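Residue numbers (this note's numbering): -13 to 111.
Beta carbons: idealized from backbone N, C-alpha and C, even for Gly.
All figures in this text were calculated on a predicted structure; none of them were measured in a lab.
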């Protein structure tokens, strides 16, 4: 039995992009910038996240995703306040989903980097 993701798609994309930016995973960033654009994230927001910085104008749910992902990829225990904010915003299941998502994309980023997966040739322009 599979369970559908409960987090809003823009929230998922913010967390994935924070993770990809941390690992400088070219293919992950390429693929998820496209997905994030399709989910309504602005070019300015995307450029800021890809540069490893937190946009100042993120909606609350996306800001929480950014903070959770950033804290996790930078190591150590997730701050209690960040976790409580995620539970308040997304529920316990959604907060856990966010943590699992970041962990999954850490693995994806490392794997893509390990095999030096390039962006498509036509996109290098």
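{"Query": "Indicate whether the contact test is met: 3 or more Cβ pairs, each with one atom in the stretch 75 to 84 and one in the stretch 93 to 102, closer than 8 Å.", "Result": "no"}
{"Query": "If you reduce the DSSP assignment to three classes, tell me which class residue 48 lands in.", "Result": "helix"}
{"Query": "Find out if the Cβ-Cβ distance for the pair residue 86, residue 6 is shorter than 8 Å.", "Result": "no"}
{"Query": "Taking only three categories from DSSP, how would you classify residue 24?", "Result": "helix"}
{"Query": "Between the alpha carbons of residue 76 and residue 4, how many angstroms are there, rounded?", "Result": "18 Å"}
{"Query": "So is residue 97 buried or exposed if we call it buried at 16+ other beta carbons inside 10 Å?", "Result": "exposed"}
{"Query": "Distance check for residue -7 and residue 25, CA to CA, integer angstroms please.", "Result": "13 Å"}
{"Query": "Within 7 Å: the Cβ of residue -4 and any heavy atom of the ligand NAP?", "Result": "The ligand NAP is absent from the structure shown, which contains no ligands of any kind."}
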